[in-house]
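Each residue of the sequence shown is one higher than the one before, starting from 1 at the first, in this note's numbering. These notes are about the structure you will find just below.
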Amino acid sequence: MAKLTKKQKEAHGKIDKNKFYSVEEASALVKEITNTKFDSSVELAVRLGVDPRKANQMVRGVVTLPHGTGKDVKVLALVTPDKEAEAKEAGADFVGLDEYLDKIKNGWTDVDVIITMPSVMGKLGPLGRILGPRGLMPNPKTGTVTMDVAKAVAEVKAGKIDFKVDKTGIVHAAIGKVSFTADMIAENANELLDTLMKLKPSASKGIYVKTIFMSSTMSPSVALDPKVV
1 MAKLTKKQKE AHGKIDKNKF YSVEEASALV KEITNTKFDS SVELAVRLGV DPRKANQMVR
61 GVVTLPHGTG KDVKVLALVT PDKEAEAKEA GADFVGLDEY LDKIKNGWTD VDVIITMPSV
121 MGKLGPLGRI LGPRGLMPNP KTGTVTMDVA KAVAEVKAGK IDFKVDKTGI VHAAIGKVSF
181 TADMIAENAN ELLDTLMKLK PSASKGIYVK TIFMSSTMSP SVALDPKVV
């Protein structure tokens, strides 16, 4: 096991391993124990008492974080010519159709979110092997397949994220940056946790939220009280 640096030891020393922190306490502590020279992302990892292999226990949703993610989200709008102007006005970084389909076919995926229209989805089907593993395939459930392209682009740019429980039963989501105030981090975290609670599958029995950890890109994790949600 690699030795901890002096700063890493100091960070670990500030965390009480026998304590569950409130969202507000954890938000302030993560800021305090992060020593990176860059603006680290702050993340939540929530372990759920679900079996993601069963369709009726899959947890997936979208949430608009009150303060955004702090990240400049690159959006590709795959739209017909009549929708190009509104997509550009709403802030899409890349707008077009066939030329971008060809680029993706050749391996280009330098975007964070793809928004498209129902009529275009048929053209995206063959690109599922490229887009699927990267989480880029548009989906009506997350609002990325819509006729209201301008609204979808604006929401993503403002801090709308989608999340999905992984095969181990954990939801990972970035909820801001260390440069945010502790209050901003806490408000974003609470918004995500509130949304997760509303998505509890009826087929899920027993404890729904098992553990919650908050951390930044290179900080140790801080345990939150799962009973607070």
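For every residue, glycine included, the Cβ atom is placed at its ideal position computed from N, Cα and C. On a predicted model such as this, the values are computed, not experimentally measured, just so you know.
If you run the structure through DSSP and keep just helix, strand and coil, what is residue i?
| i | result |
| --- | --- |
| GLY125 | helix |
| VAL153 | helix |
| SER119 | helix |
| ILE15 | coil |
| VAL23 | helix |
| LEU224 | strand |
| LEU131 | helix |
| ASP148 | coil |
| LYS6 | helix |
| ALA174 | strand |
| ALA45 | strand |
| THR109 | coil |
| THR69 | coil |
| VAL62 | strand |
Would residue i pass as a contact of residue j if the rule is Cβ separation under 8 Å?
| i | j | result |
| --- | --- | --- |
| LYS177 | SER22 | no |
| ALA173 | PHE163 | yes |
| ALA152 | GLY143 | yes |
| ILE170 | ALA55 | no |
| MET121 | VAL145 | yes |
| ASP194 | PHE20 | no |
If you draw a straight line from the C-alpha of residue i to the C-alpha of residue j, how long is it?
| i | j | result |
| --- | --- | --- |
| LEU136 | VAL209 | 27 Å |
| LYS244 | THR116 | The requested residue 244 does not occur in the structure, where the chain is confined to residues 1 to 229. |
| VAL111 | LEU78 | 12 Å |
| ASP82 | THR34 | 47 Å |
| MET1 | VAL95 | Model confidence at MET1 stands at a pLDDT of 44, short of 50, so the residue's coordinates are unreliable and nothing is read from them. |
| ALA203 | ARG53 | 12 Å |
| ILE114 | LEU192 | 22 Å |
| LYS6 | ALA223 | 22 Å |
| ILE166 | MET58 | According to the sequence as given, residue 166 is Asp; it is not Ile. About 9 Å. |
Could you spell out the range, first to last residue, of the alpha helix (DSSP H) harbouring residue i?
| i | result |
| --- | --- |
| ALA186 | 182-198 |
| LEU101 | 98-105 |
| ALA87 | 81-89 |
For residue i, count neighbouring C-beta atoms within 10 Å of its own C-beta (all shown protein chains included) and say buried if the count is 16 or more, exposed if not.
| i | result |
| --- | --- |
| ILE207 | exposed |
| SER27 | buried |
| SER219 | buried |
| GLY159 | buried |
| THR69 | buried |
| SER119 | exposed |
| ALA92 | buried |
| MET197 | exposed |
| LYS31 | buried |
| GLU43 | buried |
| MET184 | buried |
| GLU89 | exposed |
How far does the beta strand (DSSP E) with residue i in it extend, from its first residue to its last?
| i | result |
| --- | --- |
| LYS164 | 160-164 |
| THR36 | Segment: none, THR36 is in no beta strand (DSSP E) and carries neither H nor E. |
| THR211 | 209-216 |
| LEU76 | 75-78 |
Of all the CB atoms in chain D, is at least one closer than 8 Å to the CB of residue i?
| i | result |
| --- | --- |
| SER221 | Chain labels in this structure do not include chain D; a single protein chain is all it has. |
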